[in-house]
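Each residue of the sequence shown is one higher than the last, beginning at 1 in the UniProt record's numbering. Yeah, the Cβ is synthetic: ideal placement off N, Cα and C, and Gly gets one too. The structure displayed is predicted, hence computed values, not measured ones. What follows is a short report on a single structure.
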Amino acid sequence: MIDGNGFSRPTYDELVTQLSNKWRELFGDNAQTNTKSVGGILIRILAYILDKLYQLAEVVYNSQFVDSAEGTTLDQLASNAGISRLPAQVAIGTIKIWGQAGYVVPVGTLFKTSDELMYVTTEEIILQDLGKQDLTIEGYGTIQAQNGNVGLGTSRLLYANDLGSKYNKSGIFRLTQVTLVEAVMYATLEEVYGGSDIEKDEALRKRIALSNSSVPASPYNGVLAGVGKVAGVKSVKIITNDTMADDSATNTPAKSLHIYVDGGYKEDIAQAIFETVAAGIKTVGSQQVDVVDMAGIKHTIAFDIPNSRKLYVKIHLEKGDMYPNDGDKRIANLVKTYVESVGMGNVLHYTKLYQQIYSEVSGIIVADIKVGFSLEAVKAEDIQLQTFETAELADDGLVIN
């Protein structure tokens, strides 16, 4: 029913009670309505059908509100605000390859990381002569050319072989060849960004609210809304310094904006900032991208990316007979997905991991979960990230026993 408090859906048990009362009203107080009687069976069939209809009515009623709409209905509400759900996006980064000088690594060459994520080259990479027959690489050893010298090639157009945020990598990681070529001896990837999963309902709701709250008189909300629309961007925060003195604490000069952006391609972010920041306002940060205006004049747009902290999770499980063979793998995916969903500067609630694994993986009798920034310091407590800090699961950062 709908009243001043909104839509109220009766439960299945309430429907059974109401129908039983009506049955006795029509057929007498002695009419049987228990589960074994003919009347009771008919009542419960009707209650089941009515319960499904009420559930449908509840969904239809809630679909008109941004806070409760889901899926395609939420997409339609978003279109009313002039925005759309962000699609999944491929990650892009830098690859360095050491090998036989002069060798050309062809387009489409596949490499993979230790966690079996695959990346593909999108341009030919020539290994330039380093003038040495052998070279010592820290943490790996010595590589030696069979003929001539060792060469090094670099490309900033290394693409993930699939869509998704799991391909993002902050730091330097060793790559191995999918198809072995002797001329290639060692390879690394670094700073892979821009990969994103299709936008979830919760994130889309936040963008709708932000879009509705941004007005021309509020340039800060305009920047937040504009950059937040960029594909792959998870969160945006701004430090403002409208004084005539530099702020050394936040590394923000006078009369400038210091924008922190988590996710997305650098070029797309810079374009969004350029289109939303008022003329004459300086932007600062370590990420600098040139943007061209309609007159063909270049403008340098700067911003920063949040510091990424490596997270470690230790899970002890008591498993029952119903625990699936791929249970550990499913738990690993759930943990990684949740950690990546924690926004910049937010709280990582370790108890939410209990909700995830108990609801998604059967056969778990008891679980004990601890989190921390090193395996030696994991604790059963929430982690508050710093204002401009994000968390990501470290390589080999999940221990399940």
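The beta carbon of SER256 is closer than 6 Å to those of ASN241, LYS282, VAL284 in its chain, skipping five residues each way along the sequence.
Only residues of its own chain outside the window of five on either side were considered, and among them TYR338 have a CB closer than 7 Å to the CB of LYS352, listed in chain order. According to the DSSP assignment, LEU56 belongs to the alpha helix (DSSP H) that extends over 38 to 62. Judged by DSSP secondary structure, VAL339 falls within the alpha helix (DSSP H) whose first and last residues are 327 to 341. About 13 Å separates the Cβ atoms of LYS329 and LYS166, ruling out a contact at the 8 Å cut-off.
Here SER165 carries a helix assignment [DSSP, helix/strand/coil].
For GLN100, the enclosing beta strand (DSSP E) begins and ends at 90 to 100.
Unbroken alpha helix (DSSP H) stretches of 4 residues or longer found wholly inside the UniProt domain "Baseplate protein J-like barrel" (94 to 154): none. Among the bridge pairs identified by DSSP, ARG174 is matched with THR188. Under the three-pair Cβ rule at 8 Å, the segment 136 to 154 does not count as touching the segment 66 to 74. Between ALA88 and SER211, the beta carbon gap of about 21 Å keeps them out of contact (Cβ cut-off 8 Å).
Runs of the alpha helix (DSSP H) lying entirely within the segment 245 to 322 and spanning at least 4 residues, in chain order: 266 to 276.
Listed as beta-bridge partners of SER196 by DSSP are GLN89.
Per DSSP, the unbroken alpha helix (DSSP H) holding GLY222 starts and ends at 219 to 228. Exclusion of the five residues before and after VAL16 leaves ILE43, ARG44, ALA47 as the residues of its chain whose Cβ lies within less than 7 Å of its Cβ. Within 10 angstroms of the beta-carbon of VAL105 lie 16 or more other beta-carbons, which makes it buried. Each residue's CA atom was taken as its position, placing LYS169 and VAL192 some 5 Å apart.
Under the DSSP assignment, THR240 falls outside any alpha helix (DSSP H), being part of the beta strand (DSSP E) whose first and last residues are 235 to 241.
Distance check between LYS234 and each of SER248, ASN251, ASN221, ASP262 places ASP262 closest, using alpha-carbon atoms only. Between ILE238 and TYR220 the beta-carbon gap is near 6 Å, inside 8 Å, which marks them as a contact. When rounded, the separation of the alpha-carbon atoms in THR243 and ALA254 is 6 Å.
Counted as a single uninterrupted DSSP element, the beta strand (DSSP E) harbouring ILE364 occupies residues 364 to 372.
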